[in-house]
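Sequence order for the protein chains is A and B. When the letters of the first sequence are read in order and numbered with our numbering, they come out as residues 1 to 381. When the letters of the second sequence are read in order and numbered with our numbering, they come out as residues 1001 to 1298. Ideal Cβ placement from N, Cα and C applies to all residues, glycine included. Here's the structure, in structure tokens; my notes come after.
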Amino acid sequence: MAEVVLENICKTYGNNFHAIDQLNLSVKDGEFLILVGPSGCGKSTALRMIAGLEDVTSGSLRIGGVDVVDMPPKDRDIAMVFQSYALYPHMTVFENIGFSMRLAGKPKAERKKRVDEIAKTLQLTSLLDSKPANLSGGQRQRVAMGRAMVREPAAFLMDEPLSNLDAKLRVQMRAEITSLQKQLGVTTIYVTHDQTEAMTMGDRVAVLKGGVLQQVDTPKRLYESPVNAFVAGFIGSPSMNLFEATLTGDELMSGALAIRLQDAAFVRRPGLKSYAGRKVVFGIRPEDLYDSSLESGRKYQTIPAKVTSIEELGSEQIVHLDIDAVRVDSGDPDAVQDFGLASNAVAKFEPTSKVRSGSEIRLALDDTKLHYFDPETHLAI
Amino acid sequence: MTRQKRSHHKLKRAVAPYLYLSPSLLIIGLLMLLPMVTVIGYSFQNSAVLRRDPSFAGLKHYQAIFDDPVFWASLWHTLYFTCMSVIFHMTIGMAFALMLNSDRINPTLRNILRVLYILPWLFTAVIIAVIWRLLLEPNGVVNSILMQISIIGSKVEWFSSPETALHAVTFANIWAGYPLFMVSLLAGLQGIPKDFYEAADIDGAKAYQKLIFITIPQLMPIIISISLLDFIWTMQVFPLVWITTGGGPIYSTEVLSTYTYKLAFSSYNLSQASASAVVILLISLGLTLFYIRYQKAR
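Have a look at this one:
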């Protein structure tokens, strides 16, 4: 078990493309850290550099206090789970799990003892003689985990290990990996593009964009206090609604829209005062928007909106809305999918809501839950 | 659709594939099956082809062949020639394929080597035979180089000496045939997921361990298929042997194909030649069945 420390890590390719720029990250002993970001943000490159599969252009990388920048992968005392699992199709589950021990020349009895132990933990005992082709996706995933566990490494590196599984199995394996990590207590760095995985699995989450680290924090703090509009838009599903507005007195004016801010907002965000009379970006999460006909007791202020479409999920309804305000792009390429052509906002309504597609409604919003960002830098105010 | 129309449509659908197959079936029937059956018939006749009403000979010609020491020598030479060719085709093909697949070689050099290594494949057997006859002449380049670096003391008559002729012919055939393996294995190598090697790197595998535990098992289906095909083809090689040595000196490079040819067109013993051809057919058939069974098993 060990601490993994990245200091000023850079990765530049031959065409002068900066895949990773000045990455500083410290993963504590036994911690489960998630590296998350949209495709092409450099998260897999970062993981592969830690594994030693990619060269580090500059910076220092320490695992368990040892500088490993010039070490080959095998000497770094890490184990990796690949997105494809990289199971050898011609070997049985037993041979796959015991492969590293076989390479190390460990006697068969010792190998068998250790593989049996791991198979028991992962419930693979009855499958030890099967070939990967005869296993289900979830079983293959577990074999890949077993192969990583067999070496008792200082750190686990996982590269989108659940992305090849169907949705239901992914939820199950998410829980399995999390509990396994807690049980083993091994430092784990887990790469994913799925923010649900990021929020539910890790002790801390590091958000990357364009090779630059945006924020490292606990999932709760990332959700509640994103440092910039990108993190705000990336974390949470559906994405946070972001709009441009002018702060006039204690009102946010955007298009025909006016949202009155309570004094508490200025107390919580003292920086907001300096934006008086200027443009500001405000954000509100879909779960902080309500159907006003269901929320009359709470006295939220309401704004007009037109329902463009509704996704019924049973436990909730995702309502796509058109409101008269200028939407701001968070810079997350995946976020665009949340909005249809005619809509510029998304809300999560109770299943009891009776709104229908095409109807004009009053949208209740909890203004204490608003987030504010600088319109130029997109940094949180 | 009426019932009649429907059954007509059904019939058309059932017959269509056979109509498409019929031209090739006709050609194979006329050019392969018919001659094959005719040759099998000749092998049981006295003075086949030469006489208008040949008499039935039973297994006489087979008996004659099996009693002929030259036949056994040819069979042994064929096996040696074939086994050595297949083994070296595979090893050389594998070595070159691994080299061409390595990303440690400069890409430009790799492309040049790729063209260079595939060259032998572009030549017909006749040209290969002529090239090697020139190279291996007593006064040729090979002797001159080997003498300069003191590997041989005097000029060797590679194709004319009974001790070296079979090795020389086999060598020429190895040179001519490795590109098939190289190209097939290279395609196979490029299909092996990179993850396998990266996972092995992390697990601490050395280069030779990656070759033994990942590369070769991953290439096994290709190695077996191509080896079997090569075995079948090499067994029947005729022009290379015929042009370089003609089966000599003193039968030292006689293979089944040249043996059969001589029976037919030097001795005009077409019945015995047919029997010998049937023996070759049976050996090839055995290998082919083995190959088909292997392909089916996959």
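If you check the beta carbons only, do residue i and residue j fall under 8 angstroms apart?
i, j, result
"B:Phe1299", "A:Ala144", "Any property of residue 1299 of chain B remains undetermined from this structure, which presents chain B solely from 1001 to 1298."
"A:His371", "A:Gly283", "yes"
"A:Val355", "A:Val307", "yes"
"A:Ala347", "A:Val328", "no"
"B:Met1090", "B:Ser1227", "yes"
"A:Phe266", "A:Ser330", "no"
"B:Trp1132", "B:Thr1253", "no"
"A:Leu208", "A:Leu53", "no"
"A:Leu23", "A:Leu213", "yes"
"B:Leu1021", "B:Ala1129", "no"
"B:Ala1275", "B:His1009", "no"
"B:Ser1271", "B:Ser1043", "yes"
"A:Leu61", "A:Ile9", "yes"
"B:Gly1188", "B:Leu1219", "yes"
"B:Phe1181", "B:Ala1168", "no"
"A:Phe349", "A:Glu312", "no"
"A:Pro238", "A:Ala232", "no"
"B:Val1141", "B:Leu1135", "yes"
"A:Leu294", "A:Thr352", "yes"
Assuming residue i and residue j are in contact, meaning their beta carbons sit under 8 angstroms apart, how far apart are those beta carbons, in whole angstroms?
i, j, result
"A:Ile303", "A:Leu257", "6 angstroms"
"A:Ile189", "A:Ile63", "Not really, about 10 angstroms apart at Cβ, beyond 8 angstroms."
"A:Leu33", "A:Leu6", "In fact, because the Cβ distance is near 11 angstroms, the residues do not count as touching under 8 angstroms."
"A:Ala19", "A:Gly42", "5 angstroms"
"B:Phe1081", "B:Val1255", "6 angstroms"
"B:Gln1045", "B:Pro1035", "Contact doesn't hold; Cβ gap of about 15 angstroms is too wide."
"A:Gly202", "A:Leu165", "Their Cβ separation, rounded to whole angstroms, is 18 angstroms, which puts A:Gly202 and A:Leu165 out of contact at 8 angstroms."
"A:Val93", "A:Ser130", "6 angstroms"
"A:Asp288", "A:Asp366", "5 angstroms"
"B:Trp1175", "B:Pro1120", "6 angstroms"
"A:Thr125", "A:Thr57", "Not a contact, Cβ separation roughly 45 angstroms."
"B:Thr1170", "B:Ser1085", "6 angstroms"
"A:Ala2", "A:Thr187", "6 angstroms"
"B:Leu1026", "B:Ala1097", "Not really, about 39 angstroms apart at Cβ, beyond 8 angstroms."
If the cut is a Cβ gap below 8 angstroms, which residues of chain A does residue i touch?
i, result
"B:Pro973", "Nothing in the structure corresponds to residue 973 of chain B, since chain B is present only between 1001 and 1298."
Name the chain B residues that come within less than 8 angstroms of residue i, Cβ to Cβ?
i, result
"A:Ile78", "Ile1202"
"A:His90", "Pro1217, Gln1218 and Met1220"
Taking the alpha carbon of residue i as the reference point, which residue from the options has its own alpha carbon closest?
i, options, result
"A:Ile323", "A:Gln317, A:Leu313, A:Ile310 and A:Ala342", "A:Ala342"
"A:Gly98", "A:Asp70, A:Leu128 and A:Val81", "A:Leu128"
"A:Val27", "A:Ala154, A:Asp291 and A:Tyr275", "A:Ala154"
"A:Ala104", "A:Ser225, A:Arg151, A:Gln141 and A:Met253", "A:Arg151"
"B:Met1235", "B:Ser1271, B:Ile1280 and B:Ile1223", "B:Ile1280"
"A:Thr377", "A:Ala345, A:Asn228, A:Arg278 and A:Leu247", "A:Asn228"
"A:Phe234", "A:Arg298, A:His193 and A:Lys273", "A:His193"
"A:Asp77", "B:Thr1124, B:Leu1229 and B:Gly1204", "B:Gly1204"
"A:Ala198", "A:Thr178, A:Asp75 and A:Ser84", "A:Thr178"
"B:Glu1198", "A:Phe82, A:Leu135, A:Phe349 and A:Pro89", "A:Phe82"
"A:Asn344", "A:Arg114, A:Leu321 and A:Leu363", "A:Leu321"
"B:Asp1068", "B:Ser1284, B:Leu1211, B:Leu1263 and B:Tyr1291", "B:Leu1263"
"A:Leu272", "A:Ser296, A:Tyr290, A:Thr246 and A:Gly65", "A:Thr246"
"A:Tyr88", "B:Ile1223, B:Leu1282 and B:Ile1192", "B:Ile1192"
"A:Pro132", "A:Lys168, A:Lys120, A:Ser100 and A:Ser84", "A:Ser84"
"B:Val1237", "B:Tyr1208, B:Ser1184, B:Phe1265 and B:Gly1177", "B:Gly1177"
"B:Ser1257", "B:Ala1277, B:Asn1269, B:Phe1265 and B:Pro1221", "B:Ala1277"
Along chain B, which residues have their Cβ under 7 angstroms away from the Cβ of residue i?
i, result
"A:Ser100", "Asp1203 and Gly1204"
"A:Pro73", "Asp1201 and Ile1202"
Any idea which residues DSSP pairs residue i with across the strands?
i, result
"A:Leu25", "A:Leu6"
"A:Arg362", "A:Pro304"
"A:Lys11", "A:Ile20"
"A:Gln181", "Note: A:Gln181 sits in no beta bridge, so no partner."
"A:Glu312", "A:Gln317"
"B:Asp1147", "In the sequence under discussion, the amino acid at residue 1147 of chain B is Met, which differs from the Asp named in the question. For B:Met1147, which the question treats as bridged, DSSP gives no partner whatsoever."
"A:Arg209", "Note on residue identity: the sequence assigns Lys, not Arg, to residue 209 of chain A. A:Val212."
"B:Lys1155", "Note: B:Lys1155 sits in no beta bridge, so no partner."
"A:Ala245", "A:Val280"
Please list, in chain order, the chain B residues whose beta carbon lies closer than 9 angstroms to that of residue i.
i, result
"A:Leu25", "Residues of chain B passing the Cβ test: none, with the nearest at roughly 20 angstroms."
"A:Ala229", "Chain B residues near A:Ala229: none, gap ~36 angstroms exceeds 9 angstroms."
"A:Leu53", "Glu1198, Asp1201 and Ile1202"
"A:Leu103", "Ala1200, Asp1203, Gly1204, Ala1205, Lys1206, Gln1209 and Phe1213"
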